[in-house]
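Asks:
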Amino acid sequence: MTEAAGIEFTRVRVVAGDRLLLSIPALQLTEPRITVIGPNGGGKSTLLQLINGLVEPTEGFVSVDGHDTVDHGRAVRQSAGFVFSSPAAQLVMPTPLEDVELSLRRTVRDSSARRAAATQCLTELGIADLADRSSQELSSGQQQLVALATVLVLKPRILLLDEPTTLLDLINARRFIQQVEALGQRQKITTITATHDLDLAARADRTLLVQGGRIVADGPPERVIGTYRQHSTV
Amino acid sequence: MRSRRRPRRLRPREQVLGRRAPGRSFLHRAPGGLKVLVLAIVTAAVLLIREPMVSLGVVVLVLVTAGAARVPLRMILVLVRRLWLLLTVLVVLQLMLNDLFTTAEVLSRILACLLAAQLLMLTTEPTELVGVLRRILTPLRFLGVRPGRVALAALITLRSIPYLADTFHLAGQQARARGLERDLRARTVPLLLGAVNHARNTGRALNARGIEEV
Amino acid sequence: MSHSAAESPSVEPPSVESTAPRRPGRNTAQDIALIGVFAALIAVLAFAPPIPVGNFGVPITLQTLGVSLAGLVLGPWRGAAAAGLYVALGLLGLPIFAGFVGGFGVLAGPSAGYLLAFPLMALVTGFIARAVLRRGPVRWRVPLLFLAAIAGSILVNHPMGILGMSINLQVTLGEAFLFDVVFWPGDIVKSLVAAGAAALVHRAAPWILVRG
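Chains as they are written, first to last, in the UniProt record's numbering: chain W, 1 to 234; chain X, 1 to 214; chain C, 1 to 212.
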């Protein structure tokens, strides 16, 4: 077993039926802030979901800190949190506090310790005042912050964000990104963000352009975004 | 001035699952399980005894309890207004097919049961009912029933209803914009696809968090 | 979604276990989500006021459309679970039956039989639909799914509905049958729409029926 830190793709192919969704011969991700851009249906989501084992490679291997995502799916998902674009689909419990506690049900047996950890997590994100509100009544920006809390409370080392701000208005999107960036730095969390927002994509150490199931460009954000703009001129 | 149809009223989102009566009376604070149990007993009694006087007694009892808990009568009787057409058809059919006594029995029985249920609904949070469902299922563990999974599915149902109601409303608007308001397919297919999509997103989020029960 | 070392011989497997063949596991969380969301779908369709359909604008209610869809899309067991969850939540007092009614009280009303039949109806429709989707020719999918929907309706929903009306309205089975006939044309329209929509879903989202 390799003890390599970071995320490693080896001869990965994902096939659905007879359609090739994604093919990545070799890829290593070690930078703290990575963004993924590209057209819809190009394979961005598949790439992100491969990393925490929600999608399993048809061929080849994906490993996170040396753990294979198929064999150790549960462990990988513990260390790689995932935030989706739809706030409505991510929360299940009546209140934010209960939802964050639910994340801990498996790992923390003592219910008062669960409550304390959940409260602290909400406080860190600046949404402690929402703890006992009804999740239904929250705005989608607030719901997305709660969804982030349900993931962060597990202290992940990697945070996968799949178009996290697509359904948010400008103010909420900015607030969300600020929180993620601050946390990423403070708690040394690697963030991998798929997005259509090129301003957001530029705030990274490395950017991948995924198109037609392949990584078309890979490197510093300015260059990769420039390539994407050229590809997309009508 | 030309007379026209009354414009459609918009229904606020959070009211999809009905409004609760304001207040913190003894009825609001009573445990959900107890209220469901009492409702079950009252309903069973009315269904089995089938006496108009008993049913009317229950109607009075419901109204008195509501008054004591300061639940506005209007919120209870709105049920009758909503169902008046059905109730009228029912009475006409009964008078045609049965005698006056049977008509009174059927009508009073239905009213008693529905009004009692309405009182429960007005004083109980939906999520509390999920807790009740979970407790009811707990003894069935030995049959392989997993109450935690059922409760999770029920919570997802509660969260999905406002979301899908929005989707359905939007599909109706889109159909109307295209002149397809009488096309059932144009109104329901977007709802179904939206539901499948929503279920997939929810399932993925649960998987990512490793949650299978609550 | 299974992969084994044999498929990529030149790659050193990162751990020993990965040489064992993998099977696509039961995705419990996904099933729970589908059951919960389809129970909500039945509720939302039940809320809808009667919709005028076709050239004559005959109003039909959509109560049973959601139940047919649950069976056609989710298959027998998950379909029945969704319908059962809907009925259970409604009986406990959630206002999710047609006309925003809920609670055990509906057991006294004329629709009691129809409501209690929902889980069984989804089960029957689901069994036929699953067989059609697994073995039936693709060309015949929509008509066969229509038969699945109409079978659940005629074999389960209407008989139990008639029985319920006869008991609760104190009329004979024959009289109850005459009330019931009113719903038949609407049911045919609904079953047609359900079959078409379900076929569309199975084409667009084949992952739903990985297992029935």
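Virtual Cβ for every residue (Gly too), placed ideally from N, Cα, C. Treat the numbers as computed from the prediction; the structure is a model and nothing was measured.
1. Looking at the structure shown, is F101(X) part of a helix, part of a strand, or coil, going by DSSP?
2. Could you run through the region 148-162 of chain X and flag, in chain order, every residue whose CB is less than 7 Å away from some CB of chain W?
3. Is I37(W) helix, strand or coil by DSSP?
4. Does the beta carbon of G81(W) sit closer than 9 Å to a beta carbon anywhere in chain A?
5. Is the Cβ of G203(X) closer than 9 Å to any Cβ of chain C?
6. Cβ atoms of A80(W) and L100(W): under 9 Å apart, would you say?
7. Shortest alpha-carbon distance to L111(X) belongs to which of G23(X), T43(X) and N197(X)?
8. Against chain X, does S139(W) count as a neighbour if the rule is that its beta carbon must be under 9 Å from one of theirs?
9. Is any beta-carbon of chain X found at less than 9 Å from that of A83(C)?
10. Within its chain, find whatever has a CB closer than 6 Å to the CB of S75(W); leave out the 5 residues flanking it on each side and keep chain order.
11. What residue range is occupied by the uninterrupted beta strand (DSSP E) comprising G60(W)?
12. So which residues of chain W does R209(X) contact, with C-beta pairs closer than 9 Å?
13. If distances are taken between C-alpha atoms only, which option among G212(W), L170(W), L152(W) and D218(W) comes closest to R186(W)?
14. Considering only the alpha carbon of each residue, which of T188(X), T123(X) and V106(X) lies closest to L34(X)?
15. Check this for me: beta carbons of L163(C) and A176(C), under 9 Å apart or not?
16. Taking all protein chains shown into account, do 16 or more other C-beta atoms lie within 10 angstroms of the C-beta of T167(X), making it buried, or fewer, making it exposed?
17. Quick one: which unbroken alpha helix (DSSP H) runs of 4-plus residues sit fully inside the region 40-124 of chain W? Chain order, please.
18. Strictly by DSSP, which residues pair up with I7(W)?
19. At a CB distance below 9 Å, what residues from the region 184-197 of chain C approach chain X? Give them in sequence order.
20. If distances are taken between C-alpha atoms only, which option among E8(W), G43(W) and E124(W) comes closest to R19(W)?
21. What separation, rounded to the nearest whole angstrom, lies between the Cα atoms of A186(X) and A194(C)?
22. What is the DSSP secondary structure of V224(W), counted as helix, strand or coil?
23. Alpha carbon to alpha carbon, how far is A208(X) from L155(C)? Give it in angstroms, no decimals.
24. Report the partner residues of I51(C) according to the DSSP bridge assignment.
25. Please check if any C-beta of chain X sits within less than 9 Å of the C-beta of L200(C).
26. Taking Cβ-Cβ distances shorter than 8 Å, what residues in chain W pair up with T127(X)?
27. Could you name the residues of the same chain whose beta carbon sits closer than 7 Å to that of G109(C), not counting the 5 residues immediately before and after it, in chain order?
28. Put L160(W) into one of helix, strand or coil per three-state DSSP.
29. Considering only residues of the region 146-191 of chain W, which uninterrupted beta strand (DSSP E) runs meet the minimum length of 3 residues and lie entirely inside it, listed in chain order?
30. So is V73(C) in contact with chain X if we call contact Cβ pairs under 9 Å?
31. Counting C-beta neighbours from all protein chains within 10 Å, is the total for S139(W) 16 or more, i.e. buried, or is it exposed?
32. For H198(X), which residues in chain W fall below 9 Å Cβ to Cβ?
33. Do the region 203-214 of chain W and the region 17-37 of chain W meet, that is, are 3 or more Cβ pairs less than 8 Å apart?
34. So, for D31(C): in the same chain, excluding its five sequence neighbours on each side, which residues have a beta-carbon less than 8 Å away from its beta-carbon?
35. If you follow the alpha helix (DSSP H) that V132(X) is part of, which residue opens it and which one closes it?
36. Distance cutoff 9 Å, beta carbons only. Does S135(W) sit that close to anything in chain X?
Replies: Let me spell this out:
1. Counting from one through the second sequence, the residue named residue 101(X) turns up at place 101. Three-state result, F101(X): helix.
2. Going along the region 148-162 of chain X in chain order, one finds L152, L155, I156, R159 and P162 with a Cβ nearer than 7 Å to chain W.
3. Taking the first sequence and counting its residues from 1, the one referred to as residue 37(W) is at position 37. Secondary structure of I37(W) (DSSP, three-state): strand.
4. Protein chains W, X and C are contained in the structure displayed, whereas chain A is not.
5. Taking the first residue of the second sequence as 1, we reach residue 203(X) at position 203. Between G203(X) and chain C, the shortest Cβ-Cβ separation is below 9 Å.
6. Along the first sequence, one-based indexing puts residue 100(W) at 100. Along the first sequence, one-based indexing puts residue 80(W) at 80. Just to set this straight, residue 100(W) is Val in the shown sequence, not Leu. Their beta carbons are not under 9 Å apart, which means V100(W) does not touch A80(W) by this criterion.
7. In the second sequence, counting from the first residue as 1, residue 111(X) sits at position 111. Comparing Cα positions, the closest option is T43(X).
8. Translated into positions along the first sequence, residue 139(W) becomes position 139. It does not: the Cβ of S139(W) has no partner Cβ on chain X nearer than 9 Å.
9. Taking the first residue of the third sequence as 1, we reach residue 83(C) at position 83. By this cut-off, A83(C) is not an interface position.
10. Stepping through the first sequence from its first residue, residue 75(W) is reached at position 75. Just to set this straight, residue 75(W) is Ala in the shown sequence, not Ser. Cβ within range, chain order: H67.
11. As a first step, residue 60(W) is located in the first sequence; it is residue number 60 there, counting from the start. Residues E59 to V64.
12. Within the second sequence, residue 209(X) is the residue found at index 209, counting from 1. Residues of chain W with a Cβ closer than 9 Å to the Cβ of R209(X) are, in chain order, R77, G81, F82, Q90, L102, S103, T150, V151 and L154.
13. Counting from 1 along the first sequence, the entry for residue 186(W) is found at position 186. Ranking the options by Cα distance to R186(W), first place goes to L152(W).
14. Position 34 of the second sequence, counted from the first residue, corresponds to residue 34(X). Each of T188(X), T123(X) and V106(X) was checked against the Cα of L34(X), and the nearest Cα belongs to T123(X).
15. The sequence position of residue 163(C) within the third sequence is 163, counting from 1. The sequence position of residue 176(C) within the third sequence is 176, counting from 1. Cβ atoms of L163(C) and A176(C): closer than 9 Å.
16. On the second sequence, residue 167(X) is found 167 positions in, with the first residue counted as 1. With 16 or more other Cβ atoms inside 10 Å of its own Cβ, T167(X) counts as buried.
17. Runs of the alpha helix (DSSP H) inside the region 40-124 of chain W: 44-51, 73-79, 96-104 and 111-124.
18. Locating residue 7(W) in the first sequence gives position 7, where the first residue counts as 1. DSSP, once it has assigned bridges, lists L29(W) and V64(W) as partnering I7(W).
19. From the region 184-197 of chain C, only V189, K190, L192, V193, A194, G196 and A197 have a Cβ closer than 9 Å to chain X.
20. Against the first sequence, residue 19(W) aligns to sequence position 19. Taking the Cα of R19(W) as reference, the smallest distance to any Cα among E8(W), G43(W) and E124(W) is reached at G43(W).
21. Position 186 of the second sequence, counting from 1, holds the residue named residue 186(X). Position 194 of the third sequence, counting from 1, holds the residue named residue 194(C). Between A186(X) and A194(C), the C-alpha separation is close to 12 Å.
22. Here residue 224(W) refers to the residue found at position 224 of the first sequence. It is helical.
23. Counting from 1 along the third sequence, the entry for residue 155(C) is found at position 155. Counting from 1 along the second sequence, the entry for residue 208(X) is found at position 208. Rounded to the nearest angstrom, the gap between the Cα atoms of L155(C) and A208(X) is 41 Å.
24. Along the third sequence, one-based indexing puts residue 51(C) at 51. Partner(s): I60(C).
25. As a first step, residue 200(C) is located in the third sequence; it is residue number 200 there, counting from the start. Answer yes: the Cβ-Cβ gap between L200(C) and chain X drops below 9 Å somewhere.
26. Your numbering for residue 127(X) matches position 127 in the second sequence. Neighbours of T127(X) on chain W, chain order: P94.
27. One-based indexing of the third sequence puts residue 109(C) at position 109. Taken in chain order, the residues that qualify are N168.
28. Position 160 of the first sequence, counted from the start, is the residue given in the question as residue 160(W). Assignment of L160(W) by DSSP, reduced to helix, strand and coil, places it in the strand class.
29. The qualifying runs are 158-162.
30. Taking the first residue of the third sequence as 1, we reach residue 73(C) at position 73. It does; some Cβ of chain X falls within 9 Å.
31. As a working note, residue 139(W) is residue 139 in the first sequence. S139(W) comes out exposed.
32. On the second sequence, residue 198(X) is found 198 positions in, with the first residue counted as 1. What H198(X) touches in chain W, judged by beta-carbon distance under 9 Å, is S86, A88 and A89, going in chain order.
33. Segments in contact, yes.
34. In the third sequence, the residue the question calls residue 31(C) occupies position 31. Around D31(C): R78.
35. The count along the second sequence starts at 1 and reaches residue 132(X) at position 132. Run containing V132(X): P126 to L137, per the alpha helix (DSSP H) assignment.
36. Residue numbering aside, residue 135(W) sits at position 135 when the first sequence is read from its first letter. Output row for S135(W): interface = yes.
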